[in-house]
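These protein sequence lines map, in sequence, to chains A and B. So the first sequence is numbered by our numbering: it starts at 2 and just counts up by one. So the second sequence is numbered by our numbering: it starts at 205 and just counts up by one. Don't be surprised by glycine CBs; every beta carbon is placed ideally from N, CA and C.
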Amino acid sequence: RKEVEQDPGPFNVPEGATVAFNCTYSNSASQSFFWYRQDCRKEPKLLMSVYSSGNEDGRFTAQLNRASQYISLLIRDSKLSDSATYLCVVRGGKLIFGQGTELSVKP
Amino acid sequence: EPEVTQTPSHQVTQMGQEVILRCVPISNHLYFYWYRQILGQKVEFLVSFYNNEISEKSEIFDDQFSVERPDGSNFTLKIRSTKLEDSAMYFCASILDRDNEQFFGPGTRLTVL
């Protein structure tokens, strides 16, 4: 089983759509969880941390279920500028990245 | 806003040559990392460095790789004899302490011919 596994994508959605990304991780001892965003050939940038209680930042909502080792990201009212690859990341010291899910938001 | 910088942005080299990739982490950060991303693949951890020594390394980080913090500001990754499969984006990251956000540099694209 892969350490961090994401929906393969790509997701092609119209502007204004709601889109959900799913991720599972294999190491139950993992300490911290994140969603990063990566634009083409650029460095990963932190989008948000993910907490067990769930957390929201504007149009973005992240959820963590430690029992099922599952992480999600919901983007509401998607914008053209949300087009990117979304990376599920788990930390136990070093960062362990999923392979990413590409999102393309169309007008 | 402080940022991690990397040089060069693109390095082209011949197979078997040595390359040194350079990073300047954020000045008060204590932990330093190298990651790589082969085109179309996921970001992979290579090595972490703290208190002037390697704290963890992956299977990828074999004897051909080494890291150094030669002075108070630079953090370098050396590949002794490059292979075609070393072609990738190499990202440096730094962090103030282990529980904080890792800040990534813009990356060096290494092309081995």
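Cα atoms of GLU6/A and CYS24/A: separation of roughly 6 Å, rounded to the nearest angstrom. Rounded to the nearest whole angstrom, the CA to CA distance from SER82/A to VAL106/A is 8 Å. Using a Cβ-Cβ cut-off of 8 Å, LYS43/A is close to PRO310, GLY311 of chain B, given in chain order.
C-alpha of ASN13/A to C-alpha of ARG240/B: approximately 27 Å in a straight line. For GLU260/B, the enclosing beta strand (DSSP E) stretches over residues 257 to 261. Boundaries of the beta strand (DSSP E) harbouring CYS227/B: 223 to 228, taken from the DSSP string.
In terms of Cβ geometry, GLN210/B and GLY311/B form a close pair [threshold 8 Å]. C-alpha of VAL316/B to C-alpha of ASP290/B: approximately 7 Å in a straight line.
Nearest CB-CB separation between VAL223/B and chain A: not below the 8 Å threshold.
Along the segment 81 to 104 of chain A, the positions whose C-beta sits under 9 Å from a C-beta of chain B are LEU88, VAL90, ARG92, GLY94, LYS95, LEU96, ILE97, PHE98, GLY99, GLN100, GLY101, read in chain order.
Excluding its 5 nearest sequence neighbours in each direction, VAL20/A has C-beta neighbours in its own chain below 7 Å: PHE12, VAL14, ILE76, SER79, LEU104, listed in chain order. Neighbourhood of GLU305/B in chain A, by CB distance below 9 Å: PHE35, LEU47, SER50, in chain order. Rounded to whole angstroms, the Cβ separation of SER31/A and GLY93/A is 5 Å, and the two are in contact under 8 Å. SER79/A is not bridged by DSSP to any residue.
For the pair GLN268/B and VAL223/B, the Cα-to-Cα distance works out to about 11 Å.
At least one C-beta of chain A is nearer than 8 Å to the C-beta of ARG302/B. Here the segment 33 to 50 of chain A makes no contact with the segment 224 to 233 of chain B; the two share fewer than three CB pairs at distances below 8 Å. In the structure shown, the three-state DSSP call for ASP267/B is coil. Collapsing the DSSP output to three states places GLU272/B in a strand. Secondary structure at ASP290/B: helix, using DSSP grouped into helix, strand and coil. DSSP places THR312/B in the strand class (E or B) of the three-state scheme. Per DSSP, the continuous beta strand (DSSP E) segment holding GLN7/A begins and ends at 5 to 7.
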